[in-house]
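Q: In order, the protein sequences belong to chains A and B.
In this text, residue positions in the first sequence follow our numbering: the first is 248, and each later residue adds one.
In this text, residue positions in the second sequence follow our numbering: the first is 248, and each later residue adds one.
Glycine included, each C-beta is placed from N, C-alpha and C at the ideal position.
Fair warning: this is a prediction, and the values are worked out from it, not measured in the lab.
Just passing along the structure, written as structure tokens.
Protein chains: 2
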Amino acid sequence: MLNRPERIEGTRNIPEATVARLPLYLRALASLADQDVAVCSSKELATAAGVNPAKLRKDLSYLGSYGTRGVGYDVEYLRYQIARDLGQTQAWDVVIVGVGHLGSALSGYRGFTSRGISVAALVDTDPTKIGTVVAGLTVVALDDLPEIVQRHDISIAVIATPGPAAQMAADALVAAGVTSILNFAPAIVTVPDGINVRKVDLSVELQILAYHEQRKSSLAAPESDEEVAG
Amino acid sequence: MLNRPERIEGTRNIPEATVARLPLYLRALASLADQDVAVCSSKELATAAGVNPAKLRKDLSYLGSYGTRGVGYDVEYLRYQIARDLGQTQAWDVVIVGVGHLGSALSGYRGFTSRGISVAALVDTDPTKIGTVVAGLTVVALDDLPEIVQRHDISIAVIATPGPAAQMAADALVAAGVTSILNFAPAIVTVPDGINVRKVDLSVELQILAYHEQRKSSLAAPESDEEVAG
DNA sequence: CCTTGTGAAGCTGTTCACAGCC
DNA sequence: GGCTGTGAACAGCTTCACAAGG
């Protein structure tokens, strides 16, 4: 009775690390389905997703018991269950703020436009960009955010502005009613409680690789096998 | 002799989680330096970097004792020390494979072109792209990789191809002598031992946000404060 | 006083190894 | 026999709280 790890009022409590891997399993299952594989073992699926089989089974166990012992997992069934838990049975419209190179690239990025997610609007503050058409969408002004968010019932936004503009973008998004933000800008944005922010920092990833490269080359004799997680 | 946690032959053993945050500290320090701040406390720096002060101090303690008790950290001095540990005192040339929307965006991305890192070459397999100029660089064929890697002494590459082409790109990069890869393609690439691969999956990030959104809306009464790490 | 640097505690995530079930 | 599901051990990361030192 001390710790109740199971679930809170009917909703399963899935660890964050597991949530982050579920989309990978989903993609691996889609790939297997394309190859007309109907059933697969944890080992096969784990290989396709690039993880350890034990980890995969542990992850899936947080969702429920969707496999068959001695057999494996039904590809389509498991696929549906994961999609369900991830919230992909409903459609999500997102808005992208900042239509520079990155914002334009994201607008047309497959995977942003599939998996239940679709880019519904593009916003920028630059008057020369407002009104132009990118990836089939007309860029609108920041002032139009509240109306757009309400019209499309948007709760998720992407910030792809330069660093200094990110906080202003976040403020505008929160004011407009957005509650989850994916931030690509190289800046820390602060938001009220209850708003989710995830940060993806492209240059940081390269700097991490550079660190490991430097470390490799500074060790004349490589002592042990090291791995960097994918 | 069982576990030797400290260091291996003069080289400090910095935890992976710490390495991933050092670039953030570096950026925060740069920002403070721009505002002519000469000294800062762990609390100030932590706020600027968006982390807990205790975590910041712990992280810095892996590099050495660069602060002054009762005073704080010298901004320029700490900045140099972190840059040094991250390997930014040397220049890194990188090659980008795949010059689609994302690859083009990355080519011109500031932060890819600063911090000791610069994009030295762009590679694609599409004959209609080869020879075109993107972000000041002429796109070359995949066959030219070995020569390019050797000429620029490149050890770090970025894969920005469609998913199905990623493994071929990785194979070509490894064959050409690249030892670290940042993979933006929605696919698992397998590489020989000793090659570092980091994966950034843009659509996965959105799916994670969608999960949390769904969870929020399915809970009529929000039970507890939850946070999503940045 | 002040703030850093750090053992120690606690938490989260991973891996193992095997019981349970087909 | 084979494979899933899972307790338990393990490893790594975070946070606390305080000693060390300006």
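Residues of chain B with CB under 9 Å from HIS348 (chain A), in chain order?
A: HIS348, SER351, ALA352, LEU353, SER354, GLY355, TYR356 and ALA382
Q: Leaving out five residues on either side along the sequence, give the residues of the same chain with a beta carbon under 7 Å from the beta carbon of TYR313 (chain A).
A: For TYR313 (chain A), where only same-chain residues beyond five positions count, the Cβ hits under 7 Å are LEU307, TYR320, TYR324, LEU325 and GLN328.
Q: So ALA423 (chain A) is in the alpha helix (DSSP H); what residue range does that whole segment cover?
A: 413-423
Q: Could you list the residues in the region 451-462 of chain B with a C-beta less than 8 Å from some C-beta on chain A, going in chain order?
A: VAL451, GLU452, LEU453, GLN454, ILE455, LEU456, ALA457, TYR458, HIS459, GLU460, GLN461 and ARG462
Q: Residues of chain B with CB under 9 Å from GLY297 (chain A), in chain order?
A: ILE435, VAL436, THR437 and LYS446
Q: Would you verify that the beta carbon of VAL266 (chain A) is, or is not, closer than 7 Å to some beta carbon of chain B?
A: Closer than 7 Å to the CB of VAL266 (chain A) there is at least one CB belonging to chain B.
Q: Round the Cβ separation of VAL425 (chain B) and ALA404 (chain B) to the nearest angstrom and send it over; I've been treating them as touching at under 8 Å.
A: 5 Å
Q: Hey, ILE428 (chain B) and VAL447 (chain B): beta-carbon distance below 7 Å or not?
A: no
Q: For a contact meaning CB atoms closer than 7 Å, what does PRO300 (chain B) contact in chain A?
A: Within 7 Å Cβ-Cβ: nothing; PRO300 (chain B) doesn't reach chain A, min ~14 Å.
Q: Using 10 angstroms around the beta-carbon of ASP332 (chain A), count the other beta-carbons present and answer buried if the total reaches 16, otherwise exposed.
A: buried
Q: Taking DSSP as the reference, what is the three-state secondary structure of SER365 (chain B)?
A: strand
Q: Using the Cα positions of GLY355 (chain A) and GLU452 (chain A), report the straight-line distance between them to the nearest angstrom.
A: 23 Å
Q: Report the CB separation of GLY382 (chain B) from GLY410 (chain B) in whole angstroms; it is logged as a contact under 8 Å.
A: The residue you asked about is not Gly; residue 382 (chain B) is Ala in the sequence shown. The Cβ separation is near 23 Å, so there is no contact.
Q: Whose C-beta lies closer than 6 Å to the C-beta of ALA368 (chain B) among residues of the same chain, with five residues either side of it excluded?
A: Taken in chain order, the residues that qualify are VAL342 and ILE395.
Q: With 7 Å as the limit, tell me which residues of the region 378-410 of chain A have their beta carbon closer than that to any beta carbon of chain B; keep them in chain order.
A: SER402 and ILE403
Q: How is the alpha helix (DSSP H) around LYS446 (chain A) delimited, first residue to last?
A: Note, LYS446 (chain A): premise wrong, no alpha helix (DSSP H); beta strand (DSSP E) at 443-446.
Q: Around the Cβ of GLN335 (chain B), are there at least 16 other Cβ atoms within 10 angstroms (buried) or fewer (exposed)?
A: Per the 10 Å Cβ criterion, buried.
Q: Hey, is ASN443 (chain B)'s beta-carbon within less than 7 Å of any beta-carbon in chain A?
A: yes
Q: Hey, does LEU429 (chain B) have any beta-carbon neighbour from chain A nearer than 7 Å?
A: yes
Q: Using 10 angstroms around the beta-carbon of ARG462 (chain B), count the other beta-carbons present and answer buried if the total reaches 16, otherwise exposed.
A: Under this definition ARG462 (chain B) is a buried residue.
Q: I need the DSSP call for GLY410 (chain A), collapsed to helix, strand or coil.
A: helix
Q: Specify the secondary structure class of TYR313 (chain A) as computed by DSSP and reduced to three states.
A: coil
Q: Find the residues of chain B that neighbour VAL341 (chain A), judging by a C-beta separation of less than 8 Å, and give them in chain order.
A: LEU453
Q: Who are the neighbours of ARG362 (chain B) on chain A, taking C-beta pairs under 9 Å?
A: SER450, LEU453, GLN454 and ALA457
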